[in-house]
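Participant: This structure is in structure tokens; I'll ask about it shortly.
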Amino acid sequence: MTIELPPADLTLCSACGETLVDMGLRPSPTGGQDWVFMCSGCRRDVVHQHVPAV
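The opening residue of the sequence shown carries number 68 in this note's numbering; numbering runs sequentially from there.
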């Protein structure tokens with residue numbers, strides 16, 4: 068599986084319009100890992116891509 072770069076529209080939070088910060092990979096509740104961005108304004112997490120366990 069390839070890791071895809073986030074699209075340009077993922078740089079801003081859809082909820083408040085603030086900048087999203089790349090938080091890297093985190094363990095996923097469903098196994099594997101999630102590539103997570105965090106909003107610098109409302110602090111919500113946005114999962115860009117799920118990376119399954121190998």
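Note that beta-carbon positions come from the ideal geometry of N, C-alpha and C, so glycine has one too.
Hey, how far is the Cα of Met105 from the Cα of Thr78?
Facilitator: Taking the straight line from one Cα to the other gives about 10 Å.
Participant: Whole-angstrom Cβ separation of Leu92 and Val118, contact assumed at under 8 Å?
Facilitator: Going by Cβ atoms, the distance from Leu92 to Val118 rounds to 7 Å, so yes, they are a contact pair.
Participant: Output yes or no for whether 9 Å exceeds the beta carbon distance between Gly113 and Cys80.
Facilitator: The residue asked about is misnamed: residue 113 is Val in this sequence, not Gly. Yes, these two residues count as a Cβ contact at 9 Å.
Participant: For Thr78, which three-state DSSP category applies?
Facilitator: In this structure, Thr78 counts as helix in the three-state DSSP scheme.
Participant: Who are the near neighbours of Gln100 in its chain, counting only those whose CB is closer than 7 Å to its CB and skipping five residues on each side?
Facilitator: Taken in chain order, the residues that qualify are Leu92, Arg93, Pro94, Val118.
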